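Residue numbers (numbering that gives the first Met the number 0), protein chains in the order written: chain A, 0 to 345; chain B, 0 to 345; chain C, 0 to 345; chain D, 0 to 345. Glycine included, each C-beta is placed from N, C-alpha and C at the ideal position. The structure displayed is predicted, hence computed values, not measured ones. Step one of this worksheet: look at the structure below.
Number of protein chains: 4
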Amino acid sequence: MKTRVAIVGASGYTGVELIRLLLNHPQVNITCVTSRQYAGQAIAEVFPSLASRCQLICAPMDVAEIVAQADVAFTAVPHKTAMEIVPQLLAAGLKVIDLSADYRLRDVEIYQQWYQTHSSPQLLEEAVYGLPELYRAQVVKGRLVANPGCYPTSVALAVAPLLKAQLIDPKTLVIDSKSGTSGAGRSEKLGSLYCEVNEGFKAYGVGSHRHTPEIEQTLSEVAGRPVQVSFTPHLLPVNRGILSTCYASLSQEQSTGQLVELFRQTYADEPFVRVCPQETLPNIAYVRGTNFCDVGVVADQRTGRVIVVSVIDNLVKGAAGQAVQNLNVMQGWDETSALLGVAAYP
Amino acid sequence: MKTRVAIVGASGYTGVELIRLLLNHPQVNITCVTSRQYAGQAIAEVFPSLASRCQLICAPMDVAEIVAQADVAFTAVPHKTAMEIVPQLLAAGLKVIDLSADYRLRDVEIYQQWYQTHSSPQLLEEAVYGLPELYRAQVVKGRLVANPGCYPTSVALAVAPLLKAQLIDPKTLVIDSKSGTSGAGRSEKLGSLYCEVNEGFKAYGVGSHRHTPEIEQTLSEVAGRPVQVSFTPHLLPVNRGILSTCYASLSQEQSTGQLVELFRQTYADEPFVRVCPQETLPNIAYVRGTNFCDVGVVADQRTGRVIVVSVIDNLVKGAAGQAVQNLNVMQGWDETSALLGVAAYP
Amino acid sequence: MKTRVAIVGASGYTGVELIRLLLNHPQVNITCVTSRQYAGQAIAEVFPSLASRCQLICAPMDVAEIVAQADVAFTAVPHKTAMEIVPQLLAAGLKVIDLSADYRLRDVEIYQQWYQTHSSPQLLEEAVYGLPELYRAQVVKGRLVANPGCYPTSVALAVAPLLKAQLIDPKTLVIDSKSGTSGAGRSEKLGSLYCEVNEGFKAYGVGSHRHTPEIEQTLSEVAGRPVQVSFTPHLLPVNRGILSTCYASLSQEQSTGQLVELFRQTYADEPFVRVCPQETLPNIAYVRGTNFCDVGVVADQRTGRVIVVSVIDNLVKGAAGQAVQNLNVMQGWDETSALLGVAAYP
Amino acid sequence: MKTRVAIVGASGYTGVELIRLLLNHPQVNITCVTSRQYAGQAIAEVFPSLASRCQLICAPMDVAEIVAQADVAFTAVPHKTAMEIVPQLLAAGLKVIDLSADYRLRDVEIYQQWYQTHSSPQLLEEAVYGLPELYRAQVVKGRLVANPGCYPTSVALAVAPLLKAQLIDPKTLVIDSKSGTSGAGRSEKLGSLYCEVNEGFKAYGVGSHRHTPEIEQTLSEVAGRPVQVSFTPHLLPVNRGILSTCYASLSQEQSTGQLVELFRQTYADEPFVRVCPQETLPNIAYVRGTNFCDVGVVADQRTGRVIVVSVIDNLVKGAAGQAVQNLNVMQGWDETSALLGVAAYP
């Protein structure tokens, strides 16, 4: 019997991506999709890409209905909205994979400093940070998985091997990230208009982006000591993809070959992290639509720095795909189910 | 036991798309990929999107090798090159799905007028035009399938219902098509450079594009009498997608509702043709990466014309996906195997 | 002494384009820019592209203020808003170049059928249709110039020579147009979001676009008898540019060479219409940011049709540039003042 | 009498940009454009954007001809080709503005280490590095101006104020740059194809890009001591624009307000450097087609770093525009002649 899944907040880009991926999942039956804005409309009317493949009608956000219809819920709603719903879903016995920021930060103070008052801080301890490559053991046993942010995923997978191996000075970490525009969501904002983005490029949120504490939390746990980074996001004129260029000073001399080997060993058993051969670097185009994270690493002998470049699809490994990966891990299924598609290139 | 498949000409965009689709095909084993240019290199080196999912090495074009390793061959090489290889593959007992133009035109005179001398005209009679929605019965029995051109596919599916129902005056047919840049292939031409295409738009081959006789052949067969069209292709600054806007004078009054209904009935049993609800029109974004053809139809009462708008992904329904669909039909498999993916939107 | 110019509705894309062009105009002084939304803000804050080049502050829409500060007003506001303002500006003695649709259609019935009730129909007779290539004599004497729509400009310049020379059957006219996204304006609509437009392409308003009667009005006047067309606009994933592909049956045989020659002669004295050499076709990239309209023409002997392809920049020759051209004509200045810039290619 | 100008290598993107700008220059007459590839063809045939505005025919590269026709030559040819021509042009009495890399590095050893053998090292001492904001006094007297690279221009203007004021630790400089695709030129390379670039993003030349020594040379001169940087270029899917994000540790505490003020003062008299108001950051779209460099600066108190973001148009301030600025300075003309155009936004 298939597991019944609800997608709460189905009319955003993350929602439709969850539907796309789960339609190909052999053990999943999507039983419920909710959308305040489009309640009563067929989801295939909202997203004609789903025509003939998904007959579901958008339901209003009604916890009782969701609970009646689903075993697992993906909550793909904005932060703050998530913490209004998630406790009820858990209380009713559902497993929840929350794609918002509400349960990612373990320290409620830090959450409240970067976001707003937290209404269910008691769940923060239980919540599992759903980056399987680093926290698989916890995800297996999780009831509430906080699906990581897109930028933090791209950064953690790029930098963790270096911190684990104690090869870099964490104080020197500079993270320069570039994200496709779907990361800004589907709301009607001036800054998201085609003509405002196309043929443009800019940095934003310099020194103040909310993913900063999430990045630092993960890197600190990996390093075993507090890590603080400079993190600068930029807006790329593409639909999908994040590329993070990470710089740090090496604390001991390393050749590029040695570093590539380190990354290969670290990720040898990971189905979704692909380490680029020496002398090659990743491109967001190679992971578009997929759950892969491609990583390239270079030692710059002149400056004594290491540069790591990672790419993901912000809507897949940075959101919906990683959520499905977490589902697979939580349910004890093959971790790659529904996630082995190859990028449509070009 | 899986069917062994060779992809001849794997390093073009159609080649890599065939690999992408066939990697998810439960009854297929890709045993051989050839590329003159990259012989000896891993195909995943040529297309890093394939990393960790495909270990094949590009082989040189050697018919004996292909014959030894495969039951079916997809020939994704330029016209002229195709007709040098296909007869040998057939002679050795392989089934062939040829993605070039070499076996699409039944009349060798017309072929030679628009292309060049044909070296295996004897095969033209046997070759089956692989548009399953119109020629499924022949494809089932085919040994050599001529996979249709991208523009002709988009046009035939848009116009056939009207011709079959004898609702339009064929002499008034005007076809205005727009194609994404992957249709120009992966060769290093000035006109295909990013800066020459991006933020640009142009018509080309006005009155002289080689897909014209192919379009006319199909429409004539459907209509049961000679059909001649004005066909104008344009180059769109997108990677993938063809949209064809087709105009014709109605020979009897029809409402949009009646026409939508006609299209629905015509394609009721077709898994890959989706007719848009009245008042809505297709977008190439909804079919990107998929084998769907979405069709919208409007009756313009003021002018007495019908306008049909169809969209496909030129690399999928317009090439590799249709080729896999033909494979499924030829082999008696489920016609939708490996082809039910939904577009990654956005 | 310079002519004092007001730009009413300066915070849209047409408004900022007017500023860009007029900053380089030797006889113009922009004295007033208005914006309801940004009143009180520096226009260079709204559009940082203007930094260091324009110190104006957005004023609220106050007719008395505009009248006090300007000799000529460009009204770059939506239709309906225009007809609330224009009569007052005229009454106060200003010359007005209106970029909305409100004074383009001479027949108030037709206006009211496609738009809404007209509140100043008495001005329709006086209003001059500001397409200098066809109506220069009237523009010279105009007090109220109705600046043409973007699509109608691209179509009129493409088709007029054929109608004037009585070479085509007007009943067979099919116009397939494609516009860049800036044509949709700067308002925050779902359909204008980057991710909804990028890598997409669609037709819209089939058989119902409001530019249809405007196109037909001009073509009818040129032909000297009623002309009805099929007009289909499409949304291009580029910032700027309109390409119109126009089809008609030739009423007498013509070679491409003869048609090119006809176009050359027709536009021999026009500084902004460039006829492409035989065998070449225009590209929107060649006119980006400029007031040029490039036109290419082909006779298709097989079908007896002529195909004309025209390109303009929808914000320049399709709006702000043509408005400046009209200003030049009205003021008796060099018609090309401030308008001879070459496209930044690529 | 106008100054006669030759553009050597007119058929590349920098060449056509020089033509575009110089056509609007009141004191310049372009007398000669050369192109090996298109010799004998009208330049307006090579670039139809120039139609009706430029009647020149491409000449083959013949030094005697150039010398006979011009007073000043812009050499817009690849490095190595430049040093074959420049000495002859100088010897014949022309002033030369060389847009290649051949005369930018003062130290021939460093040149030969990053490029190849230098055939006219004797000119390196005389050559002036044409970044007027830093070297105006020398440019005034220059006979051979080495026009800076695009990346180095964007970096020098961003970082110089901090080094001059001794506010940063040069050892901590990390430069993360992103360039539009026109930076790769107009040659037919696989990596420059539309489908390879569009919807993609990648880093390249990590730790090894040839602009690194040029950046370090300028920054070292400004700092008065050797500066070494980590410099990582990336390829942006846009036609034009470079954005450089520059990170360094502050050697003393500074607020964002103080840093903005420092930049304002530094560039108070510079017509082409625009410092963004506090809390705002530049976008390449705001400088497209213009000679402006927009700079934004942020102090990140948490990490003690300063982040400077600069944008230029790589073909204008990063190449042709800066070359014209140098011409203006060399000739004693208004430095802004032909260079005050505003970006066409959007």
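- Your pair D299 (chain D) and G206 (chain A) checks out as a contact, with CB atoms roughly 4 Å apart and the cut at 8 Å.
- With a threshold of 7 Å between beta carbons, P120 (chain C) makes no contact with chain B.
- Rounded to the nearest angstrom, the gap between the Cα atoms of L123 (chain C) and S178 (chain B) is 42 Å.
- Boundaries for T279 (chain D): no beta strand (DSSP E) harbours it, and the DSSP string shows neither H nor E there.
- The three-state reading of DSSP puts S48 (chain C) in helix, counting H, G and I together.
- Contacts with chain C (Cβ-Cβ distance below 7 Å) from the segment 230 to 252 of chain A involve N238, listed in chain order.
- For R135 (chain C), there is no enclosing beta strand (DSSP E); the residue is found in the alpha helix (DSSP H) stretching over P131 to V139.
- In this structure the segment 210 to 225 of chain B does not lie against the segment 320 to 336 of chain C, because fewer than three pairs of beta carbons, one per stretch, are closer than 8 Å.
- In this chain, the beta strand (DSSP E) harbouring T231 (chain B) covers S229 to L234.
- Judged by their CB atoms, V196 (chain A) and Y193 (chain C) are nearer to each other than the 7 Å cut-off.
- Not one beta carbon of chain D lies nearer than 7 Å to the beta carbon of V154 (chain A).
- If you check each beta-carbon in the segment 31 to 50 of chain D against every beta-carbon of chain C, the ones closer than 9 Å belong to E44, F46, P47, S48, L49 and A50.
- Cβ neighbours of C245 (chain D) within its own chain (closer than 6 Å, five residues either side excluded): A157, V158, I174 and V307.
- Boundaries of the alpha helix (DSSP H) around V15 (chain A): Y12 to L21.
- Taking C-beta separations shorter than 7 Å and ignoring five residues to either side along the sequence, the partners of P270 (chain D) in its chain run E334 and T335, following chain order.
- With contacts defined by Cβ atoms closer than 7 Å, G303 (chain C) and L280 (chain C) do not form a contacting pair.
- The beta-carbon of L280 (chain A) is placed no less than 7 Å from the nearest beta-carbon of chain B.
- Taking the C-beta atoms as reference points, S186 (chain A) is found no nearer than 7 Å to S309 (chain A).
- For S254 (chain C), the three-state secondary structure derived from DSSP is coil.
- The Cβ of V196 (chain C) sits closer than 7 Å to at least one Cβ of chain A.
- Contact residues of the segment 167 to 182 of chain B toward chain D are G179, T180 and S181 (C-beta to C-beta distance below 9 Å).
- Sequence-distant partners of Q68 (chain D) (beyond 5 residues in either direction) whose C-beta falls short of 8 Å from its own C-beta, in its chain, are R3, A5, T30 and C31.
- Just measuring C-alpha positions, the residue of B:A322, B:L258 and B:G14 sitting nearest S34 (chain B) is B:G14.
- Under the DSSP assignment, K170 (chain A) falls outside any beta strand (DSSP E); it carries neither an H nor an E label.
- Residue-level contact check: G184 (chain D) does not touch chain C, since none of the beta carbons of chain C fall below 7 Å from its beta carbon.
- Residue-level contact by beta carbon fails for G8 (chain B) and chain A, as no gap is shorter than 7 Å.
- For Y150 (chain A), the enclosing alpha helix (DSSP H) begins and ends at C149 to K163.
- Distance from the CA of P160 (chain C) to the CA of I283 (chain C), rounded to the nearest whole angstrom, comes to 21 Å.
- With the rule of 3 Cβ pairs closer than 8 Å, the segment 129 to 138 of chain C does not count as touching the segment 235 to 252 of chain C.
- Counting only Cβ-Cβ distances below 8 Å, Y203 (chain B) has contacts in chain C at L280, in chain order.
- By the beta-carbon neighbour count (other beta carbons within 10 angstroms, threshold 16), T116 (chain D) is exposed.
- For K201 (chain C), the CB contacts under 6 Å within the same chain, skipping 5 residues up- and downstream, are L234 in chain order.
- Beta-carbon to beta-carbon, P212 (chain C) and W113 (chain C) are separated by about 5 Å, close enough to satisfy the 8 Å threshold.
- Between A91 (chain B) and G8 (chain B), the gap from beta carbon to beta carbon reaches 7 Å or more.
- Chain order gives no chain B residues near G256 (chain A), where near means a beta carbon separation below 7 Å; the closest approach is about 18 Å.
- Within the same chain, Cβ atoms closer than 8 Å to the Cβ of H24 (chain D) are found at V323, S336 and A337, the five residues on either side in sequence being excluded.
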